[in-house]
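J.:
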Amino acid sequence: MIVYNETYLIDEDIHEQWLQWIKANHVPAVLNTGTFSDSKILKVLNSPNEGITYCVQFYTEDPAKYEDFMLYHLNPLSIAHNQAFENRFVVFNTLMQQLD
82 MIVYNETYLI DEDIHEQWLQ WIKANHVPAV LNTGTFSDSK ILKVLNSPNE GITYCVQFYT
142 EDPAKYEDFM LYHLNPLSIA HNQAFENRFV VFNTLMQQLD
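This note's numbering applies: residue 82 is where the sequence shown begins, and numbers increase by one.
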């Protein structure tokens, strides 16, 4: 299983609004690309950073689908997120493999 992880550090004063937007807009949009079969939203409990840290994970069995997602879908989804929360977050992405 391939896990695409988006880690967000969100300004504390907007994190509830951000979480609602992620659940209502971003996660459905990512899943609607047909790339991923499932998703999870996690809150980091021991982040050393100011603000609130969340991880949004998406799962696929097919590495080629992930590559297509990065080429064709990530940029428009990132633009939508940036427009909604400009200068209120930091994000980094990681690609992982589930071993068991």
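Virtual Cβ for every residue (Gly too), placed ideally from N, Cα, C.
This structure is a prediction, so every number in the text was calculated from the model and none was measured.
#1: Is residue 150 buried or exposed, if buried means 16 or more other CB atoms sit within 10 Å of its CB?
#2: Can you give me the Cβ contacts of residue 177 inside the same chain, cut-off strictly under 7 Å, excluding the 5 residues immediately before and after it?
#3: Contact check, residue 111 vs residue 139 under 8 Å by CB: the rounded distance?
#4: With a threshold of 9 Å between beta-carbons, can residue 128 be considered close to chain C, or not?
#5: Spell out the partners DSSP gives residue 178 in its beta bridges.
T.: For this structure:
#1: buried
#2: 84 and 86
#3: 6 Å
#4: No chain C is part of this structure, which consists of one protein chain only.
#5: 83
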